[in-house]
Structure formats: structure tokens, C-alpha cells
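Trainee:
Number of protein chains: 2
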Amino acid sequence: MITIAVDCMGGDHGPQVTLPACTEFLDRHPDAALVLVGLPEALKGFSHPRATVVLASEVVTMDDPLEVALRKKKDSSMRVAVQQVKEGAAQAAVSAGNTGALMAISRYILKTIDGIERPAIAGQIPNAKGGATTVLDLGANVDCSAEHLLQFAVMGSALVSVLSGDESPSVGLLNIGEEVIKGNEVIKKAGELLRSAAKTGDLNFVGNVEGNDIFKGTAAIVVCDGFVGNVALKTSEGLASMFGTFLKAEFSRNILTKLAAIAAYSVLNAFKNRFDHRRYNGAALLGLRGLVFKSHGSADAMSFGNALNRAYDAARNNLLDRVQVRIAHAAALLTVADASA
Amino acid sequence: MITIAVDCMGGDHGPQVTLPACTEFLDRHPDAALVLVGLPEALKGFSHPRATVVLASEVVTMDDPLEVALRKKKDSSMRVAVQQVKEGAAQAAVSAGNTGALMAISRYILKTIDGIERPAIAGQIPNAKGGATTVLDLGANVDCSAEHLLQFAVMGSALVSVLSGDESPSVGLLNIGEEVIKGNEVIKKAGELLRSAAKTGDLNFVGNVEGNDIFKGTAAIVVCDGFVGNVALKTSEGLASMFGTFLKAEFSRNILTKLAAIAAYSVLNAFKNRFDHRRYNGAALLGLRGLVFKSHGSADAMSFGNALNRAYDAARNNLLDRVQVRIAHAAALLTVADASA
Numbered sequence: 001m002i003t004i005a006v007d008c009m010g011g012d013h014g015p016q017v018t019l020p021a022c023t024e025f026l027d028r029h030p031d032a033a034l035v036l037v038g039l040p041e042a043l044k045g046f047s048h049p050r051a052t053v054v055l056a057s058e059v060v061t062m063d064d065p066l067e068v069a070l071r072k073k074k075d076s077s078m079r080v081a082v083q084q085v086k087e088g089a090a091q092a093a094v095s096a097g098n099t100g101a102l103m104a105i106s107r108y109i110l111k112t113i114d115g116i117e118r119p120a121i122a123g124q125i126p127n128a129k130g131g132a133t134t135v136l137d138l139g140a141n142v143d144c145s146a147e148h149l150l151q152f153a154v155m156g157s158a159l160v161s162v163l164s165g166d167e168s169p170s171v172g173l174l175n176i177g178e179e180v181i182k183g184n185e186v187i188k189k190a191g192e193l194l195r196s197a198a199k200t201g202d203l204n205f206v207g208n209v210e211g212n213d214i215f216k217g218t219a220a221i222v223v224c225d226g227f228v229g230n231v232a233l234k235t236s237e238g239l240a241s242m243f244g245t246f247l248k249a250e251f252s253r254n255i256l257t258k259l260a261a262i263a264a265y266s267v268l269n270a271f272k273n274r275f276d277h278r279r280y281n282g283a284a285l286l287g288l289r290g291l292v293f294k295s296h297g298s299a300d301a302m303s304f305g306n307a308l309n310r311a312y313d314a315a316r317n318n319l320l321d322r323v324q325v326r327i328a329h330a331a332a333l334l335t336v337a338d339a340s341a
Numbered sequence: 001m002i003t004i005a006v007d008c009m010g011g012d013h014g015p016q017v018t019l020p021a022c023t024e025f026l027d028r029h030p031d032a033a034l035v036l037v038g039l040p041e042a043l044k045g046f047s048h049p050r051a052t053v054v055l056a057s058e059v060v061t062m063d064d065p066l067e068v069a070l071r072k073k074k075d076s077s078m079r080v081a082v083q084q085v086k087e088g089a090a091q092a093a094v095s096a097g098n099t100g101a102l103m104a105i106s107r108y109i110l111k112t113i114d115g116i117e118r119p120a121i122a123g124q125i126p127n128a129k130g131g132a133t134t135v136l137d138l139g140a141n142v143d144c145s146a147e148h149l150l151q152f153a154v155m156g157s158a159l160v161s162v163l164s165g166d167e168s169p170s171v172g173l174l175n176i177g178e179e180v181i182k183g184n185e186v187i188k189k190a191g192e193l194l195r196s197a198a199k200t201g202d203l204n205f206v207g208n209v210e211g212n213d214i215f216k217g218t219a220a221i222v223v224c225d226g227f228v229g230n231v232a233l234k235t236s237e238g239l240a241s242m243f244g245t246f247l248k249a250e251f252s253r254n255i256l257t258k259l260a261a262i263a264a265y266s267v268l269n270a271f272k273n274r275f276d277h278r279r280y281n282g283a284a285l286l287g288l289r290g291l292v293f294k295s296h297g298s299a300d301a302m303s304f305g306n307a308l309n310r311a312y313d314a315a316r317n318n319l320l321d322r323v324q325v326r327i328a329h330a331a332a333l334l335t336v337a338d339a340s341a
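Line by line, the protein sequences give chains A and G. Everything in the first sequence is counted per the UniProt record's numbering, starting at 1 for the first residue and increasing by one. Everything in the second sequence is counted per the UniProt record's numbering, starting at 1 for the first residue and increasing by one.
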């Protein structure tokens, strides 16, 4: 039995979205159980044979400063959900709440794996090869050293190898050109560390990649600092949303374009399905001594359900142990990098 | 008469693209003249009453190191084109060649405006409001201080106010959240400088913006360091290209989808026209004592023609003097920022 702890209060819509997603998830996975964490009034109507309710008295809001989320709201649904993982009552926690707060609380409660200084957020972005590119960090760390980027590469490789079965997934370093002389000092040094790791066989480093390579699928994993990753992610979301809005408006323009939309239905539907960001919801907080997944704050029930699925797959495939093994295996690498820092 | 110097050898296609674009440009603008710079064999067939030919003996290639472009190839078509601006033989230069080389050569030949330490590349990205967002820096500076970001804001405001007629265009600082506490130290400090500039009325600073705001058109100008700007630009290009490829493939799938494509022609055409990156080709190298425009290396004739148009509009509207006036006006601001650095 795989048990997932759910922060039912998180996200823009809270229990309205999380509870239907939980029911749907339990119905789909007979070997799964959920620990639902939330305010009493939010959870009182919920009942399922494989769901346990754990009450919390507070909720972290989207604009709570880290300080408040971490030090004041000690009985928040987010924190209590992460606590379930710490105590072994659940194998993973999922929240759609404030990203910074979730990272800070998870780090405080669960601590980082040996050899990892900073956890990172790893998300999936659909690519032209029909799969998805795993990108990290998506915003946990706004300033990264070359050593942090190397750690992200090791953690990302572990994640992808566990979930895809490819033992040696390719890793690219996000840069502004393919040539090794490109980029700032941190990026150039990270390139050196990654090339060393490739020589010893610890990483399948394919070199620098550029922004467009995320969508080409040039590398299975793209490593970058959290500032750059967050900008790249949100820029993509903004462009996708603009395209969607434009197509909708143009196809609704008059009776002829409306008929054209009907004719083009199968194509538009394929397009929508292929690039529906809800399908890729559920980013992993990597580098912690426990599995935590972050759902997009604006997720609907289908989207939040995918974040639950991702946590379930990670727990079922024993992601945590396997990441730790790979980190331990690369420990020599990380120590050398650290000593040369 | 507005005269533009053209590096006819630059870009992936060289004279094959630049020469037809030049002919078309001259035919469209009876008050414009061109100085065509290139190798003798490339230009020998070209003739137009308003075109002068200036020969160069070398060409900067896309993979020439800066050192080679700047110190060895002293008679390159790129350098000779920029030299035309320095000497007053042209009001602006346009090249589709190696961006780093063009920036280095322009900076060496033309020097920077007083008060500007580092020139920046400002490009236009189409937004959902039907216009375009001006983003800088797109890749000239991989490491920026808060003061550089302030300088970019002043230069970007000057560019947009000259070209759009809006005397006080809005400026946003690219960040990973709207709150002032977000971002790394450089970004936080840049936010402070920009807020001070807004108080004195020197800039219309609207605060932090996120990646998706570039496409929403939240601010007319978005300021960021060259690493982040380049990643955002290339990520967008990659996503747009993936969408285009996908739609093409889906509409070509079978006879029914091909018929649907015919039905949807007007919509697809509107889509293509609205977001055709060729329409937005021609980035300004700002902060120099002369006008230089960079065309995308892969530009076709229509696209390169737009870069020529942009240089022509800038020269005709006296962009250089007006940028200098604004920079001088904001000099107190830049000096204060510099002293506090």
C-alpha cells in the first residue's frame, strides 16, 4: 500500500479542487491510501475507506512571508502534511500551496540528503520528441554556485532514471550558446565540473544547451539556476497561453471560422491534449530526505490528480532510496567539486 | 536622405538574402540610400542609383572568437559597415552576423554614450495586446549589476518613447515574483534603484514582472540581464517553433485534416502573420554613439528587410540624439546609483 499525504488547503481553489481529485485518485489506484490534511470544516464531509483525515488549524496563504509560514503557522496543513512523511505515516506529500513556503518547511522538517546543500524543484516541460524534458531548478534557488548546478544534474539524473528506466539519461547545461566559452563564470565552471563527471561516467553530460533545446528535447534533463529556470518556465506558460487565447478568439470570429473550428476539431484537440500543461503538473522537490511534490497553485482537479499520480509513481518506484544511492555514488564527485570551490 | 550601411556578408545566407532585401528596401523608401559593404565577388552584380558599394576583404564567421573578429579581421564587412556610421557616411548600420562580434566591434569603433558602461541588445517580442514588448538585454551582458539594469531601463525607455511616441513608457523588472522581496541580491537592488527613479519621474517603473508578463504586455519595456533575456528569447522561439511544427504535422495527417486546414486557412494565416518572428526582426544595440541593428542570423529577405526598416525608422526619428538626451537627463540618477555601488 502506497500512502500519500495531501495538503487539502493549498492552491488557489483549496478543497474544492483537492477533494474531488483525491476521490478520483483513490478510485483509480486500489493499492493507494491518502492522508488528507486540512481544516475541520473543509474535511468534514469527506469519507473514503482508504482515506484518513488529519486535522490542522492553520493554512499557509500564497502571500505569507517564509518567516510566517515557517515560524508562526506551526500547525498549518502544509506543514502537517510534510510531517506525515517525516513520521513515516506517508511515503510522499503533495501540496499546491506557496512554493517558497513548501520548500522551506520541507527542508526544515525533512532535512537534505547527505551531499546536497540545496534542494531543487524539478518539473517536466513537453518537448517536440513527444516526451518531456525535466528542468531543474525551477525557482527554489535564485543564486547558484557551479557545485549546486552539478548537484542538480546528479539529482535530475536520478529522478529521470527512476521514472523513465533509462539508466543514463542525457544532461544539458542551460546556457546562451553551445560553445564552452559562453556564459558567465558560474556557468563556465559548472560546465567544467559536468565534463569531469561525464569522463568518470557519473553523468551523461551532453554539453551546453540553449532555451530552444528545452522544447527540442536535446537533453532529457536541463540544469539551470532557479532564477533562469523560473523565467524560462513562466515565459513558456505566457506564450502558450497567448497562443491559446489567440486561436480561440480567431476561431470564434464569425460563422465561417466557427465552422472551420469544427472541421479542425481533431487537430485542435490533439494540440490541446499534447500540450495541456495540466498533464505535466507535479514538480518534485529533490534533495530532501523524503518525497514532496508541488502542484501548480491554479491546478484544477484533473491537474491536481496528475500531481498525486506523480507522487504515487515516485513512491512506488522507491525514488527516494534510488536518488540517495546515486547521490552517494556521485559523492566523490561532489566532494571534489566542493573542495575545489 | 537617410543612409544605412549594410553588412551584406553577415548571417547564415549572406548576399543571397541581404541583396534582394536591399533592392526591395530601396524601392520602398525613395528617401533612403544604402552603403553596401562586402567582398568584391559578392557585390559585383549589384547596382542601384541610391546604393554605393564599399568593398571589404574579410568576413566575420558565426564561430569566429571575439578576439579574431576584433583584432585580426580588421577589414571585415561587419567592421567596415560600422565604420561608415563612425565616419558619418551612414546614420545606422545593420548586420545579421555574429552577435558577440557585432557588439564588440561596435563598442570598439563607436564607443559608449556618457553614463552608459555597457551597451545592451533590445529586441521586440509580440504580446497579447497586439503590440510588442521591448526586452533588454537579450545577450550582450551575461553578468549585470543593479546599476547596469537601471541603465538598460533608461535606454529602453528612450528607444520606446522615440519609436512609439509614448513619452513615458512603462518599465518592468524581470523577476521570479511580483513581490519586492523576490529575486537575488542584484535584482532586489535594481528594484530599489528603479523605484527611486520612478519617484523622481525619470522612469515609469511599474515594478517586478514575471516571464509570462512579457507576452501579456504588462510593461512596454522589460529589463533583465543578458543571460536571462537570451534564455527567455530562445525558450520562446523554441516553443513557438514546436507549436508550428506540431500544427503543420497534425493538419497534414490525412485528407480530412487537410480539408480542415483549408477551412481554417484564414485563422491559421492570421496566426502566422501575428506571430511571425520575421516581423519583429532587428534588435537595437543601445548605448553606443551610433545606431547599429542586429538581424537574426537565419533571416530571410523579408525578415532582413524588417531589420533595415527598423534602422531606417530609428535614424529618421533621430533615435541617437534622443537617447543621449534622455541618458543625460537621467545622468544624476545614474551617477547616484554608481556612487552607491
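In this text, a Cβ means the ideal position worked out from N, Cα and C, and glycines have one as well. Given the structure is predicted, the values throughout are model-derived calculations rather than measurements.
1. Assess, as a yes-or-no matter, whether the segment 55-66 of chain A is touched by the segment 99-117 of chain A under the definition of 3 or more beta carbon pairs within less than 8 Å.
2. Can you find the residues in the same chain that come closer than 6 Å, C-beta to C-beta, to A:Ala341, ignoring five residues on each side of it along the sequence?
3. Run through DSSP, which three-state label would A:Ile113 get?
4. Could you run through the segment 237-251 of chain A and flag, in chain order, every residue whose CB is less than 8 Å away from some CB of chain G?
5. What does a CB cutoff of less than 6 Å around A:Ser106 pick up in its chain, not counting 5 residues either side in sequence?
6. Would A:Asn208 pass as an interface residue toward chain G - the criterion being a Cβ-Cβ separation below 7 Å?
7. Which residues, in chain order, does the segment 200-230 of chain G contribute to contact with chain A at a C-beta distance below 8 Å?
8. Applying the criterion that 16 or more other CB atoms from any shown protein chain within 10 Å of the CB defines a buried residue, is A:His277 buried or exposed?
9. Could you tell me whether the segment 114-130 of chain A touches the segment 323-331 of chain A, using the rule of 3 or more Cβ pairs below 8 Å?
10. Can you tell me which of the three DSSP states G:Lys294 falls into?
11. Indicate whether the contact test is met: 3 or more Cβ pairs, each with one atom in the segment 191-200 of chain A and one in the segment 227-245 of chain A, closer than 8 Å.
12. Output, in chain order, the set of chain G residues within a Cβ distance shorter than 7 Å of A:Val142.
13. Strictly under 7 Å for the Cβ-Cβ distance: is A:Val267 near chain G by that measure?
14. Could you tell me the distance, in whole angstroms, from the CA atom of A:Tyr108 to the CA atom of A:Lys74?
15. Which stretch, first to last residue, makes up the beta strand (DSSP E) that contains G:Asn52?
16. For A:Ser298 versus A:Asp27, is the C-beta spacing smaller than 7 Å?
17. Taking the alpha-carbon positions, what's the A:Gln84 to A:His29 distance?
18. One question on the structure: do A:Phe215 and A:Thr18 come within less than 7 Å of each other, judged by their Cβ atoms?
19. Which same chain residues end up closer than 6 Å to G:Ala301 when comparing Cβ atoms and leaving out the 5 residues on each side of it in sequence?
20. Could you confirm whether any beta carbon from chain G is found closer than 7 Å to the beta carbon of A:Lys188?
21. Taking three-plus beta-carbon pairs below 8 Å as touching, is the segment 208-222 of chain G in contact with the segment 159-169 of chain A?
22. For A:Thr257, return the contacting residues in chain G, with the cut-off set at a CB-CB distance below 7 Å.
23. A:Gly139 versus chain G: which residues are under 8 Å apart at the beta carbon?
24. The beta strand (DSSP E) with A:Ile176 in it runs from where to where?
25. When DSSP labels each residue in this structure, what does G:Ala89 get in the three-state scheme?
26. From the DSSP output, in three-state form, read off A:Ile2 for me.
27. Nearest to A:Arg310 by CA position, among A:Met155, A:Ile187, A:Val94, A:Ser241, is which residue?
28. For chain A, is any of its Cβ atoms less than 7 Å away from the one on G:Lys234?
29. Report the residues of the segment 266-293 of chain A with a CB closer than 8 Å to any CB of chain G, ordered along the chain.
Mentor: This is what the structure gives:
1. Yes, the segment 99-117 of chain A touches the segment 55-66 of chain A.
2. Here residue 341 of chain A corresponds to residue number 341 of the first sequence, with the count starting at 1. Annotation note: pLDDT 49 at A:Ala341 (below 50); position unreliable, coordinate value reported separately. Leaving aside the five residues that flank A:Ala341 on each side, the residues in its chain whose CB is nearer than 6 Å to its CB run, in chain order, Glu147.
3. One-based indexing of the first sequence puts residue 113 of chain A at position 113. In the three-state scheme derived from DSSP, where H, G and I count as helix and E and B as strand, A:Ile113 is classed as coil.
4. Across the segment 237-251 of chain A, CB contacts with chain G closer than 8 Å involve Glu237, Gly238, Leu239, Ala240, Ser241, Met242, Phe243, Thr245, Phe246, Leu247, Glu250, Phe251, in sequence order along the chain.
5. Position 106 of the first sequence, counted from the first residue, corresponds to residue 106 of chain A. If we look at A:Ser106 and ignore the five residues flanking it on each side, its Cβ neighbours are Val82, Leu285, Leu288, Val292.
6. Counted from its first residue, the first sequence places residue 208 of chain A at position 208. No - not a single Cβ of chain G is within 7 Å of the one on A:Asn208.
7. Flagged, chain order: Glu210, Gly211, Asn212, Asp213, Ile214, Phe215, Lys216, Cys224, Gly226, Phe227, Val228, Asn230.
8. Along the first sequence, one-based indexing puts residue 277 of chain A at 277. Classification of A:His277: buried, given that the 10 Å Cβ count is 16 or more.
9. Short answer: they touch.
10. As a working mapping, residue 294 of chain G is identified with position 294 in the second sequence. In this structure, G:Lys294 counts as strand in the three-state DSSP scheme.
11. These segments do not touch.
12. The sequence position of residue 142 of chain A within the first sequence is 142, counting from 1. Those within 7 Å of A:Val142 in chain G are Ile176, Gly183, Asn184.
13. As a working mapping, residue 267 of chain A is identified with position 267 in the first sequence. It does; some Cβ of chain G falls within 7 Å.
14. Taking the first residue of the first sequence as 1, we reach residue 108 of chain A at position 108. Taking the first residue of the first sequence as 1, we reach residue 74 of chain A at position 74. Taken atom to atom, the span from the alpha-carbon of A:Tyr108 to that of A:Lys74 is near 12 Å.
15. The residue given as residue 52 of chain G occupies position 52 in the second sequence. A small fix is needed here, since residue 52 of chain G is Thr in this sequence, not Asn. Segment 51-55, the beta strand (DSSP E) holding G:Thr52.
16. Position 298 of the first sequence holds residue 298 of chain A. Position 27 of the first sequence holds residue 27 of chain A. Contact flag unset, no.
17. Your numbering for residue 84 of chain A matches position 84 in the first sequence. Your numbering for residue 29 of chain A matches position 29 in the first sequence. When rounded, the distance between both Cα atoms is 20 Å.
18. Your numbering for residue 215 of chain A matches position 215 in the first sequence. Your numbering for residue 18 of chain A matches position 18 in the first sequence. Judged by their CB atoms, A:Phe215 and A:Thr18 are not nearer to each other than the 7 Å cut-off.
19. Position 301 of the second sequence, counted from the start, is the residue given in the question as residue 301 of chain G. Closer than 6 Å at Cβ, skipping near neighbours: Val17, Pro20, Ala21.
20. Sequence index remark: in the first sequence, residue 188 of chain A carries index 188 (1-based). Not closer than 7 Å to any Cβ of chain G, the Cβ of A:Lys188 fails to qualify, so no.
21. Result no; under three Cβ-Cβ pairs closer than 8 Å.
22. Numbered from 1 along the first sequence, position 257 holds the residue referred to as residue 257 of chain A. Simply Ser266, Val267.
23. Translated into the one-based positions of the first sequence, residue 139 of chain A becomes position 139. Going along chain G in sequence order, the residues near A:Gly139 (Cβ under 8 Å) are Ile176.
24. Locating residue 176 of chain A in the first sequence gives position 176, where the first residue counts as 1. A:Ile176 -> no beta strand (DSSP E), and no H or E assigned at all.
25. Looking up residue 89 of chain G in the second sequence gives position 89. Coil, per DSSP.
26. Indexing the first sequence from 1 puts residue 2 of chain A at position 2. Strand, per DSSP.
27. The residue you call residue 310 of chain A lines up with position 310 of the first sequence. Of the candidates A:Met155, A:Ile187, A:Val94, A:Ser241, the one whose C-alpha sits nearest the C-alpha of A:Arg310 is A:Val94.
28. To locate residue 234 of chain G, count along the second sequence from 1; it is residue 234. Interface flag for G:Lys234 against chain A is set, since a Cβ pair is found closer than 7 Å.
29. Residues passing the 8 Å Cβ filter: Ser266, Val267, Ala270, Phe271, Arg274, Phe275.
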